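To keep things clear, I will list the structure first and then write my remarks on it.
2 protein chains.
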Amino acid sequence: MDDKRQKAGQFMAVTADSIERRSGVSLWRQIADKILHAIASGDFAENEALPPEVALAERYGVNRHTVRSAISALVQEGILRAEQGRGTFVLSRKRLSYPIGARTRFSTGLQGQASERHIVLLASSVEQASQRVAKGLGLAKGAEVIRLETRGEADGRPVSRAAAWFDASRFTGIDAAMAETGSITASLARFGIDDYLMQSTVLSARHADAADLADLELQPGAIVLVTVAVNITPDGQPIQFSESRFPAERIELKLSAL
Amino acid sequence: MDDKRQKAGQFMAVTADSIERRSGVSLWRQIADKILHAIASGDFAENEALPPEVALAERYGVNRHTVRSAISALVQEGILRAEQGRGTFVLSRKRLSYPIGARTRFSTGLQGQASERHIVLLASSVEQASQRVAKGLGLAKGAEVIRLETRGEADGRPVSRAAAWFDASRFTGIDAAMAETGSITASLARFGIDDYLMQSTVLSARHADAADLADLELQPGAIVLVTVAVNITPDGQPIQFSESRFPAERIELKLSAL
DNA sequence: CAGATTTGTCTATTGATATAGACGACTATA
DNA sequence: TATAGTCGTCTATATCAATAGACAAATCTG
Chain L
1 MDDKRQKAGQ FMAVTADSIE RRSGVSLWRQ IADKILHAIA SGDFAENEAL PPEVALAERY
61 GVNRHTVRSA ISALVQEGIL RAEQGRGTFV LSRKRLSYPI GARTRFSTGL QGQASERHIV
121 LLASSVEQAS QRVAKGLGLA KGAEVIRLET RGEADGRPVS RAAAWFDASR FTGIDAAMAE
181 TGSITASLAR FGIDDYLMQS TVLSARHADA ADLADLELQP GAIVLVTVAV NITPDGQPIQ
241 FSESRFPAER IELKLSAL
Chain Y
1001 MDDKRQKAGQ FMAVTADSIE RRSGVSLWRQ IADKILHAIA SGDFAENEAL PPEVALAERY
1061 GVNRHTVRSA ISALVQEGIL RAEQGRGTFV LSRKRLSYPI GARTRFSTGL QGQASERHIV
1121 LLASSVEQAS QRVAKGLGLA KGAEVIRLET RGEADGRPVS RAAAWFDASR FTGIDAAMAE
1181 TGSITASLAR FGIDDYLMQS TVLSARHADA ADLADLELQP GAIVLVTVAV NITPDGQPIQ
1241 FSESRFPAER IELKLSAL
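So the protein sequences, as listed, match chains L and Y.
Take the first sequence: its letter number 18 is residue 18 in our numbering, and every next letter is one higher.
All you need for our numbering is the position in the second sequence, starting with 1, plus 1000.
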């Protein structure tokens, strides 16, 4: 059984991670990804020095300057700190594990992983439901809905960016409640909803666009995980339609027993 | 509230999707992503012509040649077909929706979305459990495990690439069973396992590496969704540890009520 | 202190990426 | 059969990405 990866004549060092050339994704971006992944999976311990630049260059089969480009992107992002003469150190903790399940709640989900976490209400508006929002909420297209734009932060770093839609006729004032409480769960409680479930979630991934970069403080070329979900009451009434974006380099999604 | 996205002096057409320059991801790759996304979400209908190159160039704020680079990548990938004098046409269907749930089975999951689907056993081997595999299966590190490398295909296109590990002492010969039946479920049935559940799944996303590109027939720069899962018997015994990769441009994951 | 190690900066060169403009080839339609 | 619309190809130029080599600056160790 031939292995396609064993390309003709190409030497493949045992330690060499694979890098794609002329790919549309620059080498420094690919290497930055790999370093992030290595940190997230514990290969490079927190507060420890990375291997020196020359070693990384050899490991990935690129020039030292290319490694430096990758490192400087991660330094700018607050993941690494480089110190002349000493080395380059891992600042950032491992990837946070965001639970997804029938009763996912932001506030409790990251407990134990981040000492501080909260949701910021960025904006709210009343608008007419688009096709997909209307369908998700079981409303007619064009019905009035309230949209809440929020950002989740953990230890001062953005970990999610979400838009949530609610039936405007039923949840009048939920924007004010959200601004006051900083919690979707608490806001819904004011409308007599003390429990709700995730009905369905669809998950995809794409490159971050300009809005994602600004909202999530990412570097260009980063990847975002996108979830589109409908929350329902225990008796099956849809109450919330939402689209969330997570920076793939900082968050992994843990699908818990649902 | 200032909007960072409104860059100084730069004109931003109302229809212009956001594109990041000097990002480490080339413009043609970003535009290819956007076109794929537009197809997946139904903006460009199947068998219909895309807007002409000049229109796309204006829409994304780039040169026509840059759009052509994006299109030619998608043509190579079999997503589009360009016809001189006529236009550029969408060949490929929408993104498939792969269900993830407690009882996810490849064979049934894509029913109705693809007329033909099957799993190919690419390779199998016996090896010593790594730290994470051992932990997932509840074995001692270094215990003998059987690894199955598989690829899932739907309508002739690769949609998943997975490695699955089983306790070698309990599932001796599962590789042969898999080769014969082409189904994990059927193979496990031979060992008296007629039901199993997903215990936990961790989900992340990253750029495809060289192996992914070859296995999934992707173009460089593509994104893969990665799931790491443990399957257990109804009474809680771990039987399978697996890592799967899905091409984000062809697959979305639907987390069903579990 | 001397030497080794490691990050920081500089110059130079090559190839890929992106823009710009012009024109040819093919198709559809009035 | 004109003409307009669209994709295909070519040339030229500017910028970014990547390689290469050299040396400076800071830190650590013996």
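Heads up, the beta-carbon is just placed ideally off N, CA and C, and yes, glycines get one too.
Everything numeric in this text was worked out from a predicted model, so none of it was measured.
Give the DSSP bridge partners of residue i, in chain order.
{"i": "A1229 of chain Y", "result": "Y:T1201 and Y:S1242"}
{"i": "F1044 of chain Y", "result": "Answer is none; F1044 of chain Y lacks a bridge partner."}
{"i": "I146 of chain L", "result": "L:V126 and L:F166"}
{"i": "I1251 of chain Y", "result": "Y:L1096"}
{"i": "A1210 of chain Y", "result": "Paired residue(s): none; A1210 of chain Y is not in a bridge."}
{"i": "A1177 of chain Y", "result": "DSSP, once it has assigned bridges, lists no residue as partnering A1177 of chain Y."}
{"i": "S160 of chain L", "result": "L:G152"}
{"i": "R117 of chain L", "result": "L:A154"}
{"i": "A1032 of chain Y", "result": "Answer by DSSP bridge pairing: none, since A1032 of chain Y is not bridged."}
With a Cβ-Cβ cutoff of 7 angstroms, do residue i and residue j count as a contact?
{"i": "I1146 of chain Y", "j": "L1253 of chain Y", "result": "no"}
{"i": "Q1128 of chain Y", "j": "G1142 of chain Y", "result": "yes"}
{"i": "A38 of chain L", "j": "Q219 of chain L", "result": "no"}
{"i": "E1149 of chain Y", "j": "A1123 of chain Y", "result": "yes"}
{"i": "A1248 of chain Y", "j": "A205 of chain L", "result": "yes"}
{"i": "L36 of chain L", "j": "F44 of chain L", "result": "no"}
{"i": "S1026 of chain Y", "j": "G24 of chain L", "result": "yes"}
Rounded to the nearest angstrom, what separates residue i and residue j at their Cα positions?
{"i": "I184 of chain L", "j": "M178 of chain L", "result": "6 angstroms"}
{"i": "A1208 of chain Y", "j": "S169 of chain L", "result": "45 angstroms"}
{"i": "G1182 of chain Y", "j": "R1151 of chain Y", "result": "10 angstroms"}
{"i": "M1012 of chain Y", "j": "A211 of chain L", "result": "Residue placement at M1012 of chain Y is flagged as unreliable, the pLDDT there being 31, under the threshold of 50; the coordinate-derived value follows with that caveat. Using only the alpha carbons, I get a separation of about 14 angstroms."}
{"i": "E1187 of chain Y", "j": "I1174 of chain Y", "result": "Sequence check: residue 1187 of chain Y is Ser here, not Glu. Going from the Cα of S1187 of chain Y to the Cα of I1174 of chain Y covers about 6 angstroms."}
{"i": "I1119 of chain Y", "j": "A1176 of chain Y", "result": "14 angstroms"}
{"i": "Q111 of chain L", "j": "I79 of chain L", "result": "21 angstroms"}
{"i": "G9 of chain L", "j": "Y60 of chain L", "result": "Residue placement at G9 of chain L is flagged as unreliable, the pLDDT there being 26, under the threshold of 50; the coordinate-derived value follows with that caveat. Approximately 18 angstroms, taken between the alpha carbons."}
{"i": "G138 of chain L", "j": "L1255 of chain Y", "result": "20 angstroms"}
{"i": "S1244 of chain Y", "j": "A1214 of chain Y", "result": "15 angstroms"}
{"i": "A1102 of chain Y", "j": "A162 of chain L", "result": "26 angstroms"}
{"i": "F246 of chain L", "j": "Q1237 of chain Y", "result": "32 angstroms"}
{"i": "A189 of chain L", "j": "R117 of chain L", "result": "20 angstroms"}
{"i": "L225 of chain L", "j": "E1144 of chain Y", "result": "35 angstroms"}
{"i": "Y98 of chain L", "j": "G1085 of chain Y", "result": "50 angstroms"}
{"i": "L121 of chain L", "j": "F1191 of chain Y", "result": "53 angstroms"}
{"i": "T1104 of chain Y", "j": "Q1131 of chain Y", "result": "26 angstroms"}
{"i": "F106 of chain L", "j": "E77 of chain L", "result": "24 angstroms"}
{"i": "D1195 of chain Y", "j": "E1046 of chain Y", "result": "39 angstroms"}
{"i": "D1235 of chain Y", "j": "F171 of chain L", "result": "43 angstroms"}
{"i": "E1180 of chain Y", "j": "L197 of chain L", "result": "41 angstroms"}
So, at 7 angstroms on beta carbons, what are the nonlocal neighbours of residue i in its own chain, with the 5 sequence-adjacent residues on each side left out?
{"i": "Q30 of chain L", "result": "I19 and E20"}
{"i": "R1064 of chain Y", "result": "E1053, V1054 and A1057"}
{"i": "R250 of chain L", "result": "R95, L96, R157 and V159"}
{"i": "A32 of chain L", "result": "A70, A73 and L74"}
{"i": "E1153 of chain Y", "result": "R1117, H1118, V1120 and V1159"}
{"i": "Q113 of chain L", "result": "L96 and S97"}
Excluding the five sequence neighbours on either side, which residues of its own chain have a C-beta within less than 8 angstroms of the C-beta of residue i, listed in chain order?
{"i": "I1193 of chain Y", "result": "T1233 and I1239"}
{"i": "R1081 of chain Y", "result": "V1075, T1088, F1089 and L1091"}
{"i": "S115 of chain L", "result": "D155"}
{"i": "K1007 of chain Y", "result": "At K1007 of chain Y the pLDDT is 29, less than 50, meaning the model places this residue with poor confidence and gives no usable figure here."}
{"i": "D1048 of chain Y", "result": "The amino acid at residue 1048 of chain Y is misidentified as Asp; the sequence shows Glu. Around E1048 of chain Y: F1089 and V1090."}
{"i": "A140 of chain L", "result": "A129 and A134"}
{"i": "V1126 of chain Y", "result": "E1144, V1145, I1146, R1147 and A1168"}
Whose C-beta lies closer than 6 angstroms to the C-beta of residue i among residues of the same chain, with five residues either side of it excluded?
{"i": "V202 of chain L", "result": "V228"}
{"i": "K1094 of chain Y", "result": "A1040"}
{"i": "Q199 of chain L", "result": "V230 and I232"}
{"i": "S1319 of chain Y", "result": "Any property of residue 1319 of chain Y remains undetermined from this structure, which presents chain Y solely from 1001 to 1258."}
{"i": "F241 of chain L", "result": "V133, G136, L137, W165 and V230"}
{"i": "E1217 of chain Y", "result": "P1158"}
{"i": "T1066 of chain Y", "result": "L1027 and W1028"}
{"i": "V1062 of chain Y", "result": "L1027"}
The beta strand (DSSP E) that contains residue i, what's its start and end?
{"i": "Q90 of chain L", "result": "Looking at the sequence itself, residue 90 of chain L is Val, so the reference to Gln does not match. Per DSSP, V90 of chain L belongs to the beta strand (DSSP E) from G87 to V90."}
Along the chain, where does the alpha helix (DSSP H) containing residue i start, and where does it finish?
{"i": "L80 of chain L", "result": "Looking at the DSSP string, L80 of chain L is not in any alpha helix (DSSP H); the run it does join, the beta strand (DSSP E), is L80 to E83."}
{"i": "Y1060 of chain Y", "result": "E1053 to Y1060"}
{"i": "G136 of chain L", "result": "Q131 to L137"}
{"i": "V1075 of chain Y", "result": "R1064 to Q1076"}
{"i": "S1187 of chain Y", "result": "I1184 to A1189"}
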